[in-house]
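Chains as they are written, first to last, in my numbering: chain V, 3 to 119; chain H, 3 to 119. First comes the structure, then the notes that go with it.
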């Protein structure tokens, strides 16, 4: 299955702002109108719309207008690329530490063998 | 165990640039000097140092100067907060979809019972 993965630059940029992360958290609990999204935030509606545009550009959120109400939805798969990138870094570091551990264990054994009478 | 988790704003901002992500990937394979980090990048050394400062401010990378060489290390735990934040969003969305699925299954059963002769 081909999954949509949003460009990492835009996704990480979108997530670098606490208000935008708050909007993503809110949309994780279900779709919301723009004014519902704005309600807990201490900012003007135009500022909220601007944040929303950054989220839309990143692919994390899509909006649709029905009548006079614009409804916002989270696009959960759009976080996959960012999550996988971070997970991959951890895996690589752990592999490197494993190799280092094996090397130290081997060196330790060699030292013990050399030291044994 | 109390783990160091870098502030999400700075970590996500640091990761929003492909050159900085490239530097993090490189450091995942082991420590490197500033010039080793700069080698694959098509940019001036001052530009590399500027990116490095963003990475240091985010807590993802630490550097130490020994003699004339500055060595850069990845701080793997500093990615934990960002990884957990993304994972949590997925978990919440999946829970919501599960509840929706259960609701639809129940509704379907009710409809079947009502339809049965």
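Heads up, the beta-carbon is just placed ideally off N, CA and C, and yes, glycines get one too.
Within chain V, the residues placing a beta-carbon under 8 angstroms from that of residue 32/H are 98, ordered along the chain. Judged by their CB atoms, residue 24/H and residue 95/V are not nearer to each other than the 8 angstroms cut-off.
In the structure shown, the three-state DSSP call for residue 18/H is coil. Using a Cβ-Cβ cut-off of 8 angstroms, residue 15/H is close to 14, 15, 18 of chain V, given in chain order.
Cβ proximity to chain V below 7 angstroms picks out nothing from the stretch 43 to 63 of chain H. Listed along the chain, the chain V residues whose CB falls inside 8 angstroms of the CB of residue 89/H are 85.
In the assembly as shown, residue 60/H is a buried residue. Its beta-carbon has 16 or more other beta-carbons within 10 Å.
Each residue's CA atom was taken as its position, placing residue 104/V and residue 32/H some 16 angstroms apart. Contact note: residue 28/H does not reach chain V at a C-beta cutoff of 7 angstroms; the least C-beta distance is about 11 angstroms.
Taking CB atoms only, residue 101/V has no neighbour in chain H less than 8 angstroms away. The C-beta of residue 70/V has fewer than 16 other C-beta atoms within 10 Å across all chains shown, which makes the residue exposed.
Along the stretch 45 to 97 of chain V, the alpha helix (DSSP H) occurs as fully enclosed runs of 4 or more residues at 47 to 60, listed in sequence order.
Interface annotation for the stretch 65 to 84 of chain V against chain H: 76, 78, 81, 84, criterion Cβ-Cβ distance under 7 angstroms.
The C-beta distance from residue 87/H to residue 10/H rounds to 6 angstroms, short enough to meet the 8 angstroms contact threshold. Between the alpha carbons of residue 110/V and residue 85/V lies a distance of about 37 angstroms. For residue 57/H, the closest C-alpha among the options 99/H, 93/H, 22/H, 106/H is that of 22/H. Among the residues of chain H, those whose CB is under 9 angstroms from the CB of residue 10/V are 17, 18, 20, 23, following chain order. The three-state secondary structure of residue 41/V, taken from DSSP, is coil.
With respect to the 8 angstroms criterion, residue 51/V and residue 43/V are not classified as neighbours on the basis of their beta carbons.
Within chain H, the residues whose beta carbon sits less than 7 angstroms from that of residue 95/V are 30, 76, 78, listed in sequence order. Under DSSP, the beta-bridge partners assigned to residue 34/V are 74/V.
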